[in-house]
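Novice:
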Amino acid sequence: MDDLSLLLPSVSEAMDPILRKMDLDLGRESRINASDLESSGQQLIWVAGNLWWQLSEAQHSVLPATLRDAGIGLLGRSSEMRQRVTTEEDVHFYSEIRSVLAYILNTIQTGDYAEELESIRVANESP
0 MDDLSLLLPS VSEAMDPILR KMDLDLGRES RINASDLESS GQQLIWVAGN
50 LWWQLSEAQH SVLPATLRDA GIGLLGRSSE MRQRVTTEED VHFYSEIRSV
100 LAYILNTIQT GDYAEELESI RVANESP
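Using numbering that gives the first Met the number 0, the first residue of the sequence shown is number 0, and each one after it goes up by one.
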């Protein structure tokens, strides 16, 4: 767990600018567009790839997999959006991913994430 606790600040640093960008995208007067989703998706996949090995070594590949999957989802939706106009469902999709990522980031920053992982580890070691 100590290795993971040392890595979580790096995850937080990497996620924070992505969430700020997503907030700006969602806060614009004009609607989000396919490029917004594509850019955020690529950033999430990049972060996941850069952190995968380190987090896997700390026996926690779930977090980078979650970031990667969110990125893949955004890329897929951006591809669909290029074929049509942006809908409220697209905005909702982007907003929901942003909310989940913000929740993860908040739990990392408050220490709740590491605390919960430690309780899971202890529970799994109990006979």
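Cβ atoms here follow ideal geometry from the backbone N, Cα and C, with glycine treated the same way.
Whole-angstrom Cβ separation of residue 73 and residue 36, contact assumed at under 8 Å?
Specialist: For the purposes of this step, residue 73 is identified with residue 74 of the sequence shown, where counting begins at 1. For the purposes of this step, residue 36 is identified with residue 37 of the sequence shown, where counting begins at 1. About 5 Å separates the two Cβ atoms, so the contact holds.
Novice: Taking the C-alpha atoms as reference points, what is the distance between residue 123 and residue 117?
Specialist: Stepping through the sequence shown from its first residue, residue 123 is reached at position 124. Stepping through the sequence shown from its first residue, residue 117 is reached at position 118. Roughly 10 Å between the two C-alpha positions.
Novice: Since residue 55 is in the alpha helix (DSSP H), which residue starts that stretch and which ends it?
Specialist: The sequence position of residue 55 within the sequence shown is 56, counting from 1. It spans 33-56 - the alpha helix (DSSP H) in which residue 55 sits, taken as one unbroken run.
Novice: Please report the distance separating the alpha-carbon of residue 38 from that of residue 111.
Specialist: Here residue 38 is taken as the residue at index 39 of the sequence shown, counted from 1. Here residue 111 is taken as the residue at index 112 of the sequence shown, counted from 1. Looking at the backbone, the Cα of residue 38 and that of residue 111 are separated by about 29 Å.
Novice: On a CA-only basis, which of 86, 57 and 96 is nearest residue 65? Give me that one, please.
Specialist: Walking along the sequence shown from the start, residue 65 turns up at place 66. The option with the nearest alpha carbon to residue 65 is 96.
Novice: Inspect the CB distances between the stretch 3-22 and the stretch 75-87 and report whether three or more fall short of 8 Å.
Specialist: no
Novice: Buried or exposed: which applies to residue 59, given that a residue is buried once 16 or more other Cβ atoms fall within 10 Å of its Cβ?
Specialist: Numbered from 1 along the sequence shown, position 60 holds the residue referred to as residue 59. When all chains shown are included, residue 59 counts as buried.
Novice: Using the three-state DSSP reduction, which class does residue 84 fall into: helix, strand or coil?
Specialist: Along the sequence shown, read from residue 1 onward, the residue named residue 84 stands at position 85. Per DSSP, reduced to three states, the secondary structure at residue 84 is coil, with no helix or strand assignment.
Novice: Do residue 128 and residue 107 have their C-beta atoms closer together than 8 Å?
Specialist: Summary: the structure shown does not reach residue 128, with the chain confined to residues 0 through 126, and so no result is reported for it.
Novice: In terms of alpha-carbon separation, which member of 19, 17, 30 and 16 lies closest to residue 85?
Specialist: Taking the sequence shown and counting its residues from 1, the one referred to as residue 85 is at position 86. When only C-alpha atoms are compared, the closest one is 30.
Novice: When the Cα atoms are used, what is the spatial distance from residue 52 to residue 40?
Specialist: As a working mapping, residue 52 is identified with position 53 in the sequence shown. As a working mapping, residue 40 is identified with position 41 in the sequence shown. Rounded to the nearest angstrom, the gap between the Cα atoms of residue 52 and residue 40 is 20 Å.
Novice: With DSSP collapsed to three states, give me the class of residue 67.
Specialist: Start at 1 with the first residue of the sequence shown, and residue 67 comes out as number 68. Three-state result, residue 67: helix.
Novice: When the distance is taken between beta carbons, is residue 17 closer than 8 Å to residue 44?
Specialist: Taking the first residue of the sequence shown as position 1, residue 44 is located at position 45. Taking the first residue of the sequence shown as position 1, residue 17 is located at position 18. Taking a C-beta distance under 8 Å as the contact criterion, residue 44 and residue 17 do not qualify as a contact pair.
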